[in-house]
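> Shown below is the structure under consideration.
Residue numbers (the working numbering), protein chains in the order written: chain U, 87 to 432; chain V, 981 to 1319.
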């Protein structure tokens, strides 16, 4: 069945479907069962499945992550939810020293089917402790899968796949994507590890994670007016990484911009640039360009925040520079349309 | 017995020893103590050959806690431990083949050579995981206990950790949640008064661990960790309390660590603690202590010797097999990262 729903509804639908299909699936974490329901993404679960399968916890991220592991090792499929990925830093010991390792250290005897859902990215004025992405950090550690859905369909399908996976999956959801509406086919549950071309083109490949897909699509519309067609590849899963689809796109366009939703320095964007640089060395028309956040803590003040984050404009100017085009006159254009809509408070 | 009864009981003072274990079990318990002790004595002898390339945290002096608690646990208990886990592994599995092969880094090891001494596990025998990061398995045990509640299972979880773990935030987070949810989770504190080389007095801003844990809604009982019969009796007591009034249990056992924190040597010359007198050492050595008690109860010297000989033979067979076994193949490097 297909329906037109928001990203947040798609998340709630995926959880409900998996909880319905598998009694071992449960959802827990701070605020999952309160009246706000993690921006609506756990809506309806406690009513439908009861407080035993959807419950809030003490403020103990470290221990609760260990609890998720213990439950996963005991035949359950926990989904542990964090309203901000920054809070996961309190749980790094469990994630990095235990969850990612225990299967390997047991010689393959243990399985860890657990999902950690966390919200990333810009709201408004979120500042330095409520805005981090952390996907490059998690993907750095072997044994973790890392997913960044963009469309409601990905939120739905990839979350269902993540819950069914027998491995730990870190599932990172951008706050602004929550209000995006899109068609969701409830039969479409893609495997983890497949990138997807969001918009085909022949001029430049833009490799995007999370919200950068939205910015890149806006940039593509502007550039298309002057005959420059971007090919936008949504990486979707950072680990495992779909190297084939990424390389195939760049081999076709011979140009690549990496637009990662994170700081550039030591980030996942560097991994993509290295992959493309190595695998497409003889094909590339010019060096790979990398876009990332300003390498400073995320500021609060709106003008500084606008400078900190990447936008469609950054992609447009980068592509123009790469292709030797004069900068288009965009003085009347607005690229923070979503940000102007977002009224918080969180 | 009221859950408060334990409050009036000071460590190791209860008269429980005479009937703590049936005599039929006594030799089985003795064998486990001797197995753990001689396995570690063997490590001490073999370690200098540089073939066992894994940091060993030997538990000589601590054996009674693992052996005694495991003796008192129901069969299907899920157990979690620390890097000082040899006695725990051997008490639960009796498996010296997988144990030594793991220490030698062989494919026949309990973790196919990927675990080493610090992360030994045997999930199929109840030892789900151990960890080299202090306090780390405590919440994992709580999660297993939560799963049991979810599954309407009365299976028990037991998590072993040292006194240093009590200084980790995750201990209190775990105790809080286990108490809040009244989980069937048995927390076993093996207290040697040292965190590596730092004594409790330099680390802990409270008078006693048990008094600090007691305000939580759990059953707190202490015992003498150098006396295997007291450990068994104390374990049974806390399990009875947990059966009567479903809440987590907290067991506290003091013991003496005879060797250095990590490695096969003594370190009494390092200056941070003194060597026990021969009398003290006899009292603090759980193997010697239980042996003497068995003698007093009329167990024949020949029966004790037979246990020792059987254990020695088992260990030397396992060590030989481990040394002869293959290392993991190159293909093993990338195996078992993901399911």
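Backbone N, C-alpha and C fix where the C-beta goes; we use that ideal spot for every residue, glycine too.
Does residue 1166/V come out as helix, strand or coil in the three-state DSSP assignment?
Three-state result, residue 1166/V: strand.
> For residue 1033/V and residue 141/U, I'd like the C-alpha separation in whole angstroms.
Each residue's Cα considered, the two are about 45 Å apart.
> Compare the beta carbon distance of residue 1167/V and residue 1121/V with 9 Å and say whether it is the shorter of the two.
Cβ distance < 9 Å, so residue 1167/V and residue 1121/V count as in contact.
> Can you round the beta-carbon distance between residue 400/U and residue 221/U to whole angstroms, since I take them to be within the 8 Å contact cut?
That pair is no contact at about 19 Å.
> Could you tell me if residue 1083/V is buried or exposed, where buried requires 16 or more neighbouring beta carbons within 10 angstroms of its beta carbon?
When all chains shown are included, residue 1083/V counts as buried.
> Answer yes or no: does any C-beta atom of chain V fall closer than 9 Å to that of residue 91/U?
Closer than 9 Å: no.
> Between the stretch 209-227 of chain U and the stretch 149-158 of chain U, do at least 3 Cβ pairs fall closer than 8 Å?
Taking 8 Å as the limit for Cβ pairs, the verdict is that the stretch 149-158 of chain U does not touch the stretch 209-227 of chain U.
> Quick one: list the residues of chain U neighbouring residue 1025/V, beta-carbon separation under 9 Å, in chain order.
Ordered by position in chain U, no residue passes the 9 Å Cβ test against residue 1025/V, which lies about 26 Å from the chain.
> With burial defined as no fewer than 16 other Cβ atoms inside 10 Å of the residue's Cβ, what is the status of residue 145/U: buried or exposed?
Classification of residue 145/U: exposed, given that the 10 Å Cβ count is below 16.
> Could you tell me if the beta carbon of residue 1186/V falls within a distance shorter than 8 Å of some heavy atom in the ligand GTP?
Annotation note on the ligand GTP: not contained in the displayed structure, which lists no ligands.
> Using C-beta distances below 6 Å, list every residue in its chain close to residue 1217/V, excluding the 5 sequence neighbours before and after it, in chain order.
1201, listed in sequence order.
> Can you grab the Cα-Cα spacing for the pair residue 1061/V / residue 1137/V, in whole Å?
Roughly 11 Å between the two C-alpha positions.
> DSSP state of residue 1207/V, grouped into three classes?
Coil at residue 1207/V, not helix or strand.
> Report the option in 366/U, 236/U, 411/U whose CA atom is closest to the CA atom of residue 97/U.
The option with the nearest alpha carbon to residue 97/U is 236/U.
> Sort 317/U, 126/U, 170/U by Cα distance to residue 334/U and report the nearest one.
Checked all of 317/U, 126/U, 170/U; the closest Cα to residue 334/U is 317/U.
> Going by DSSP, which residues form a beta bridge with residue 166/U?
Looking at the DSSP assignment, residue 166/U forms a beta bridge with 114/U, 202/U.
> Please list, in chain order, all residues of the same chain as residue 241/U whose beta carbon is under 6 Å from its beta carbon, the five residues on each side excluded.
Answer for residue 241/U: 93, 96, 97, 235, listed in chain order.
> Quick one: which chain U residues come within Cβ less than 7 Å of residue 1057/V?
Correct list: empty, because the minimum Cβ distance to chain U is about 12 Å.
> Inspect the beta-carbon positions of residue 1222/V and residue 1164/V and report whether they are closer than 9 Å.
Yes.
> Taking residue 1191/V as the reference, which of 1181/V, 1232/V, 1173/V, 1159/V has the closest Cα?
Comparing Cα-Cα distances from residue 1191/V to each of 1181/V, 1232/V, 1173/V, 1159/V, the minimum goes to 1232/V.
> Rounded to the nearest angstrom, how far is the Cβ of residue 930/V from that of residue 1010/V, given a contact under 8 Å?
Nothing about residue 930/V can be read from this structure; chain V reaches only from 981 to 1319.
> Quick check on residue 213/U: buried or exposed, where buried means 16 or more other Cβ atoms within 10 Å of its Cβ?
Its Cβ having fewer than 16 others within 10 Å, residue 213/U is exposed.
> Is the beta carbon of residue 303/U less than 9 Å from the beta carbon of residue 405/U?
Against a cut-off of 9 Å, the Cβ pair of residue 405/U and residue 303/U comes out as no contact.
> How many whole angstroms separate the CB atoms of residue 1086/V and residue 1307/V, which I take to be in contact at a CB cut-off of 8 Å?
Right, the Cβ-Cβ distance comes to about 6 Å (below 8 Å), so this counts as a contact.
> Within 8 Å, do at least three Cβ pairs link the stretch 287-296 of chain U to the stretch 100-118 of chain U?
Contact fails: fewer than three Cβ-Cβ distances are below 8 Å.
> Counting only Cβ-Cβ distances shorter than 8 Å, please list the residues of the stretch 1195-1209 of chain V near chain U, keeping chain order.
Correct list: empty, as no residue qualifies.
> Closest by CA to residue 1026/V, which one among 1161/V, 1303/V, 1312/V?
Residue 1026/V has its Cα closest to that of 1303/V, out of 1161/V, 1303/V, 1312/V.
> Specify, as a first and last residue, the run of the beta strand (DSSP E) that residue 1230/V falls within.
Looking at the DSSP string, the run of the beta strand (DSSP E) that includes residue 1230/V is 1229-1234.
> Can you find the residues in the same chain that come closer than 6 Å, C-beta to C-beta, to residue 129/U, ignoring five residues on each side of it along the sequence?
Excluding positions up to five away in sequence, the list reads 98, 123.
> According to DSSP, simplified to helix, strand and coil, what is residue 1179/V?
Note: residue 1179/V maps to strand in three-state DSSP.
> For the alpha helix (DSSP H) that residue 222/U lies in, which residues bound it at each end?
Residues 221-226.
> Looking only at its own chain, which residues have a Cβ that is under 6 Å from the Cβ of residue 326/U, when we skip the five neighbours before and after it?
So the list reads 279, once near-sequence residues are dropped.
> For the stretch 1086-1105 of chain V against the stretch 188-195 of chain U, are there 3 or more C-beta pairs whose distance is under 8 Å?
Touching, yes, given that three or more Cβ pairs across the two stretches are closer than 8 Å.
> Quick one: using the 10 Å Cβ neighbour count with 16 as the cut-off for buried, is residue 311/U buried or exposed?
Counting Cβ neighbours within 10 Å, residue 311/U comes out exposed, since fewer than 16 surround it.
> Could you compute how far the alpha carbon of residue 186/U sits from the alpha carbon of residue 196/U?
Distance between the alpha carbons of residue 186/U and residue 196/U: 11 Å.
> Can you tell me where the beta strand (DSSP E) holding residue 345/U begins and where it ends?
From DSSP, the beta strand (DSSP E) with residue 345/U extends over 342-349.
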